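Accompanying notes for the structure given below.
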Amino acid sequence: EIVIDEVAGMAVTLFLVPFTPGSVILGFGLFRFFDIVKLGPVKWADKRLSGGVGIVADDLLAGVFANLSLRLLLWVFPVMGILD
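Residue numbers (this note's numbering): 98 to 181.
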């Protein structure tokens with residue numbers, strides 16, 4: 098079964114990031130981390146927004162955090178073999 102909020106979160110995670118097997122794997126791990134841990138705004142969206150809006154919003158925000166983290170890692174470690 099495909100859950101659209103998870104797909105949307107991953108789409109945000111990989112938005113405008115070089116599409117390599119390594120970046121997809123790392124992006125998936127980062128997205129799952131932020132989706133499970135629910136830091137700051139992700140937790141707020143999960144708790145305060147009701148119904149489907151909250152369900153989707155927390156995954157979109159987790160995707161934003163994952164995207165920014167992935168970009169930072171790709172910038173700091175541009176030659177990591179796994180990301181080629």
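In this text, a Cβ means the ideal position worked out from N, Cα and C, and glycines have one as well.
Bear in mind the structure is a predicted one, so any value in this text is a computation, not a measurement.
- In this chain, the alpha helix (DSSP H) harbouring Val134 covers Pro118 to Val134.
- Non-local C-beta neighbours of Val161 in its own chain, meaning closer than 8 Å and more than five positions away in sequence, comprise Val109, ordered along the chain.
- Leu157 places its beta carbon 9 Å or farther from that of Leu111.
- Secondary structure at Leu111: coil, using DSSP grouped into helix, strand and coil.
- Each residue's CA atom was taken as its position, placing Asn164 and Val114 some 8 Å apart.
- In this structure Leu169 is not in contact with Leu123, their Cβ atoms being roughly 11 Å apart against a cut-off of 8 Å.
- A straight-line Cα-Cα distance of about 20 Å links Thr117 and Glu103.
- Per DSSP, Phe174 lies in no alpha helix (DSSP H) and is assigned neither H nor E.
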